[in-house]
Amino acid sequence: MIDALCEDPATGSASSALCCYLSAALGEQGAEKRRYELTQGVEVGRESNIVVDVTMKENAINQVHLSGQAVKVMKGTVFI
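Take 1 as the starting number for the sequence shown in full-length UniProt numbering and just add one per residue.
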């Protein structure tokens, strides 16, 4: 069901970027592997839980893993 509200309840790309920023800002203060658990979309009635794991190596981001559940709300084809 698509209603009049066209807001994405959860954004994996934004969550990943935020967690990478936070991991880089922590520098040597944090652990080599960091896990962030985010909840988005509560205000629009579509609670979404996202997990972002960031692995650091030599004080730099080495790997980012995004996980969570998704519900298909539409399907389509793009012609270029």
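Glycine is no exception: its CB is placed at the ideal position from the N, C-alpha and C atoms. Just so you know, these numbers come straight off a predicted model, no measurement behind them.
For the alpha helix (DSSP H) containing residue i, list its first residue and its last residue.
i: Ala17; result: 12-26
In the DSSP assignment, find the unbroken beta strand (DSSP E) run with residue i in it and report its ends.
i: Glu32; result: Where Glu32 is concerned, there is no enclosing beta strand (DSSP E), given that its DSSP letter is neither H nor E.
i: Asp8; result: No beta strand (DSSP E) contains Asp8, which DSSP labels as neither H nor E.
i: Asn62; result: 60-68
i: Ile50; result: 48-57
Going along the chain, which residues of its own chain have a beta-carbon closer than 6 Å to the beta-carbon of residue i, five neighbours each way excluded?
i: residue 122; result: An answer regarding residue 122 cannot be provided, because it is not within the stretch 1 to 80 covered by the chain.
i: Leu38; result: Ser15, Ile50
i: His65; result: Asp53
Rank the options by C-alpha distance to the C-alpha of residue i and give the top, closest one.
i: Ala70; options: Gln29, Asn49, Ala24, Glu32; result: Asn49
i: Asn59; options: Ala10, Leu26, Val73; result: Leu26
i: Ser16; options: Val44, Glu47, Gly68; result: Gly68
i: Val42; options: Gln29, Ala10, Val73, Ser23; result: Ala10
Measure the beta-carbon distance from residue i to residue j and round it to whole angstroms, keeping in mind my assumption that it falls under 8 Å.
i: Ile61; j: Cys20; result: 5 Å
What residues in its chain sit with their C-beta under 7 Å from that of residue i, if we drop five residues either side in the sequence?
i: Cys33; result: Residue identity differs from the one stated: residue 33 is Lys in this sequence, not Cys. Hits under 7 Å: Asp53, Thr55.
i: Glu47; result: Thr39, Gly41
Skipping 5 residues on each side, what residues in its chain have a beta carbon closer than 8 Å to that of residue i?
i: Ser13; result: none
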